[in-house]
Amino acid sequence: MLPGPIRVAEAFQKQAGFLLYHASITASETLLGFVLGVLAGSLLAVTMWLYPMVRQGLMPVILVTQSLPVFAIAPILVLWLGFGLASKVVMAVLVIFFAVTSTFFDGLRRADEGLADLARLYRLSRWKELYYFRIPAGLPALASGIRIAAVFAPIGAIVGEWVGAKGGLAFIMLQSNARMQTDVMFAALILLAIMVLLLRFVVDHLTRFLVPWQVED
347 MLPGPIRVAE AFQKQAGFLL YHASITASET LLGFVLGVLA GSLLAVTMWL
397 YPMVRQGLMP VILVTQSLPV FAIAPILVLW LGFGLASKVV MAVLVIFFAV
447 TSTFFDGLRR ADEGLADLAR LYRLSRWKEL YYFRIPAGLP ALASGIRIAA
497 VFAPIGAIVG EWVGAKGGLA FIMLQSNARM QTDVMFAALI LLAIMVLLLR
547 FVVDHLTRFL VPWQVED
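The sequence shown: position 60 = 406 (the working numbering), numbered continuously.
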């Protein structure tokens, strides 16, 4: 039932083009979902800090969407958006945007109180306060949220593919499992793991440019 490493390597050698093609589909879904999720989460965090009334209205909705199991949401998205790219991208966005929103919002809210007092003393508007010190103070927290999102973005794409897709690594896993081709299924799993590691590696280096003053251990 469980293939050895040699069988998995042979499966990858024989079907390299097929596996890489479907890996490119999952990678495109993951990258689009990751970028859109980070942008949506960042904008939502800024909006929630700027407008407390918006925060009070949106927070319950956000918490409800995060409490629902992803496998319960995925079939609905597939029905609405079809078996193509859109449903997988939206699924990846839903999986990661809360992590980005919550971490960045906490960073904006927990800026230096001395600077906040100084802003009130000079009667700065909330927009200027946000520009001059809130966003710089919140960038390390945003970087942490982005690193978390890099790990979870592929999960959203894979779950979407698992429910219904025309291609992708999860599509291969389902087909291979039905045909008892465990060596091909493990090859797809290894490709997915490599993709996650590469995305996290790239994000780790990019976030260092985002917060160059933060000391890395």
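Each residue gets a CB set at the ideal place from its N, CA and C atoms; glycine is no exception.
For LEU538, the closest C-alpha among the options ILE518, ARG525, VAL557 is that of ILE518. In its chain, beyond the 5 residues on either side, PRO349, ARG353, VAL354, ALA357 have a beta carbon closer than 6 Å to the beta carbon of ASP529. Residue nearest to HIS551 within the set ALA533, ILE492, GLU375 is ILE492 (criterion: CA-CA distance). Rounded to the nearest whole angstrom, the CA to CA distance from TYR367 to LEU389 is 33 Å. Between GLY453 and the set VAL441, VAL410, ALA391, the nearest pair of CA atoms involves ALA391. The beta carbon of TRP508 lies closer than 6 Å to those of ALA516 in the same chain, with the five residues before and after it left out. Here VAL400 has THR393, MET394 as same chain residues with Cβ atoms under 7 Å from its own Cβ, once five neighbours each way along the sequence are excluded.
Cα atoms of PHE532 and ALA499: separation of roughly 20 Å, rounded to the nearest angstrom. Measuring C-alpha to C-alpha distances from ARG546 to each of VAL410, PHE380, ILE371 identifies PHE380 as the nearest.
The beta carbons of ARG456 and LEU396 sit about 16 Å from each other, so the pair does not count as a contact at 8 Å. For MET405, the closest C-alpha among the options ALA369, PHE444, GLU475, SER374 is that of PHE444. Excluding residues up to 5 positions away in sequence, ALA391, MET394, TRP395 lie with their Cβ nearer than 7 Å to the Cβ of PHE451 in the same chain. In its chain, beyond the 5 residues on either side, VAL354, PHE358 have a beta carbon closer than 8 Å to the beta carbon of ILE536. Annotated as proximal: ALA495 and VAL384, with beta-carbon spacing under 7 Å. With contacts defined by Cβ atoms closer than 7 Å, LEU476 and LEU556 do not form a contacting pair. Per DSSP, reduced to three states, the secondary structure at ALA511 is coil, with no helix or strand assignment. The alpha-carbon separation between LEU543 and LEU423 amounts to approximately 27 Å. Nearest to GLY430 by C-alpha distance, out of ARG466, GLY514, GLN527, ALA524, is GLY514.
Taking the Cβ atoms as the reference, GLY387 lies roughly 12 Å from ALA438, outside the contact range of under 8 Å.
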